[in-house]
Amino acid sequence: AKSRKGSLSRKTDSQPVLLADMSKASGRVDHADLLQHLASLCLCPGLLTWFHSCTTGRTQRVIANGMYSSWPEVTSGVPEVGVVSSYLFLLHMSTLRESSLRIHWTLAMPTTLEAKKLDLWMTENNMLLNGKKSVKLRICFSKNPPQPAPLILGGQAVPVLTCTKYLGFHLDNQLSGNQH
């Protein structure tokens, strides 16, 4: 029977995991890019028209110190329309999968290389990675794990932790589930 921990069955194996944080992620999605991607998915025309109506012709202004700005058109950001905003954001992020980037975290060098590719894709798509809030967790069962190569996202060093909380779950570097 294969170990639940897959290729990490030897105590000397190490597997880096990147938990990347995007800064104001859904607010940075370009409407034109999103609509172009949605059109490429061959959605039914009615749905595409509805998405178009949710993202075009929207304006907003700012009030500061009693002064009002003009009403410019909003050209980026996923509109907060119930569950639609999450769905539109996920569809936008699916272009990452279609790009030349294939994320396979293995050794230190590929991790650094893939992180650079991810950073580049994010920049090209007007998205920002927050290196200070991102975390690199190195899964390793050795008592003396090797030092990981430094990782830079969004121009900031990503901290390496032995335990972190992610989506409400505590993850530790030995997958023990003992942290609460």
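Residues are numbered in my numbering as their position in the sequence shown, beginning at 1, plus a constant of 541. Where a beta carbon is used, it is the ideal one built from N, C-alpha and C, also for glycine. Nothing here was measured: the structure is a model prediction, and the numbers come from that model.
If you draw a straight line from the Cα of V619 to the Cα of L670, it is about 17 angstroms long. For L588, the enclosing alpha helix (DSSP H) stretches over residues 586 to 596.
Per DSSP, the beta bridge partners of K677 are L559, V701. Counting C-beta pairs closer than 8 angstroms gives fewer than three between the region 570 to 588 and the region 678 to 686, which falls short of the contact rule.
Counting along the chain, L712 sits inside the beta strand (DSSP E) bounded by residues 710 to 713. Pairing L661 with D562, the inter-Cα distance amounts to about 15 angstroms. Beta bridge pairing from DSSP links E614 with T600.
Judged by their CB atoms, L716 and V676 are not nearer to each other than the 8 angstroms cut-off.
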